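Every position in the sequence shown, counted from 1, becomes a number in the numbering used here once 958 is added.
Even for Gly, the Cβ is constructed at its ideal location relative to N, Cα and C.
All values reported here derive from a predicted model rather than from experimental measurement.
Written out below as structure tokens is the structure these notes cover.
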Amino acid sequence: ERFEDWPQVLCREGLSGRCYWEVEWSGGGAGIGVTYKGINRRGWGVDCWFGYNDKSWILYCYVDRYSVRHNDKTTDIPVTSSDSHRVGVYLDWPAGTLSFYRVSSDTLTHLYTFNTTFTEP
């Protein structure tokens, strides 16, 4: 499902339980986000943009660094290198954790874990 104005896409199915997936990209950087299906998808407001509200979480992958954002609070992640263009995402819905990992040569390096109480898939 697509957003009307922001270049963001949702997966078809809502996620719950425990899920792991990987994202690979090319180019300068990427934003990898998780959100509730009920997020607003119309307009330009922060209620639509991943990481700027209480309905979404995002990892920003830049050429030289990573950062995460939730509810308009940004945290920079200190890493020695961000040359990998692959990230693993682990959602443990019952435990209330959302973790991001840098993946390189099939090695996972923990980047950040959000702790919350998920209220919807």
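Closest by C-alpha distance to Ile1016, out of Asp1022, Thr1032, Trp1002, is Thr1032.
Distance from the Cα of Asp1050 is smallest, within the candidate group Trp1002, Phe1072, His1043, for Phe1072. Taking the C-beta atoms as reference points, Arg1027 is found no nearer than 8 Å to Tyr1048.
Taking C-alpha positions only, Val967 is separated from Gly1046 by approximately 18 Å. Pairing Tyr1018 with Gly989 gives a Cβ-Cβ distance under 8 Å.
Straight-line spacing of the CA atoms in Gly991 and Val1021 works out to 18 Å. CA-CA distance, Cys1006 to Thr1067, rounds to 30 Å.
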